[in-house]
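Chains as they are written, first to last, in our numbering: chain V, 1 to 140; chain D, 1001 to 1140.
Every residue gets a Cβ at the ideal spot worked out from N, C-alpha and C, and that includes glycine.
Computed from a predicted model, the values in this text were never measured in an experiment.
Just below is one structure, and these are the notes that go with it.
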């Protein structure tokens, strides 16, 4: 599945592209790693144009998104041995539909609050970013 | 569907019970209204015991949760004419699996940040809480 899908009309939002790194292509979604070393933080972006709400996807796409999100969540939990997974679809700033999957632990920088909007992003060193991305690919 | 389901072993977390009001029973989930007048804020709680992560539900339950969440999200968006729906499953404090569905608008108290952990809950007046709950029931 790890070859680019050039779904008609799909283009990644510029902010998502700038703040995260491509990990792999799933069937419906592009999987990306948020370039913020404070938390292991993955983002799924359904390859559908002009969709801002999950409920605007077709029922089949909703089901695909659910399974891909949960596969990623389970993989990230195993990989990181985290205490809790947080998932969310907010889109208040970036309207292109995207789903966050984040590994959380007691005492992490925003615990027990949400990560969104918390302080400033702390980018990985380049090698650490690629290394973690490779570990995610292996875990899935 | 609006009769209590006494699913074996299902008991609502005490914090969820204290902070929110019963709206109705869906097939898998209990639907509750967060008693916080700052945002129209609904919570779905799958009637399954000892589940803390969505990916620990069976595939059928995952699919049911997706459809019930999206039905609620679509209904809440129509009812409130809000700008954006936020959905999330965090559970850092309350571990019983629950999914938030919140109506958001530019300029609301936490915009564009997340609502979780933002300031103090502002309960509805009792009549306003019941009135909004009734409007949600009608919208679904």
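Contact of residue 1053 of chain D with chain V is assigned, a C-beta pair being separated by under 8 Å. In the DSSP assignment, residue 1087 of chain D falls outside any alpha helix (DSSP H) and within the unbroken beta strand (DSSP E) covering 1084 to 1089.
Separation of the CB atoms of residue 1044 of chain D and residue 1129 of chain D is rounded to 18 Å, and the pair is thereby denied contact status at 8 Å. Separation of residue 116 of chain V and residue 36 of chain V (C-alpha to C-alpha, rounded to the nearest whole angstrom) is 11 Å.
Under the Cβ distance rule, residue 41 of chain V does not count among the residues neighbouring chain D, no pair being separated by less than 8 Å. Apart from sequence neighbours up to five positions away, the residues of its chain that approach residue 82 of chain V with a beta-carbon distance below 8 Å are 40, 76, 103, 104 and 105, ordered along the chain. Chain-ordered listing is empty here: chain V has no CB closer than 8 Å to the CB of residue 1049 of chain D, the nearest sitting near 18 Å.
Taking C-beta atoms as the reference points, residue 54 of chain V and residue 97 of chain V count as a pair closer than 8 Å. By the rule that beta-carbons nearer than 8 Å mark a contact, residue 1062 of chain D touches chain V.
At least one CB atom of chain D sits nearer than 8 Å to the CB of residue 74 of chain V. Residue 1064 of chain D and residue 1028 of chain D do touch by the CB rule: their CB atoms are close to 4 Å apart, below 8 Å. By the neighbour-count definition (other C-beta atoms within 10 Å, threshold 16), residue 1080 of chain D is a buried residue.
A Cβ of chain V is located within less than 8 Å of the beta carbon of residue 1085 of chain D. In the DSSP annotation of this structure, the continuous segment of the alpha helix (DSSP H) that includes residue 1133 of chain D starts and ends at 1126 to 1139.
Within the model, the alpha-carbon separation for residue 133 of chain V versus residue 72 of chain V is close to 13 Å.
Neighbours of residue 1114 of chain D in chain V, taken as residues whose beta carbon is under 7 Å from its own, are 90, 114, 116 and 117 in chain order.
Spatial neighbours of residue 86 of chain V in its own chain (CB-CB distance under 6 Å, excluding positions within 5 residues in sequence) are listed in chain order as 102 and 104. In the three-state reduction of the DSSP assignment, residue 1030 of chain D falls in the strand class.
Beta-bridge partners of residue 39 of chain V (DSSP): none assigned. Within chain D, the C-beta atoms nearer than 9 Å to that of residue 111 of chain V come from 1092, in chain order. At a cut-off of 8 Å, the C-beta of residue 38 of chain V has no neighbouring C-beta in chain D.
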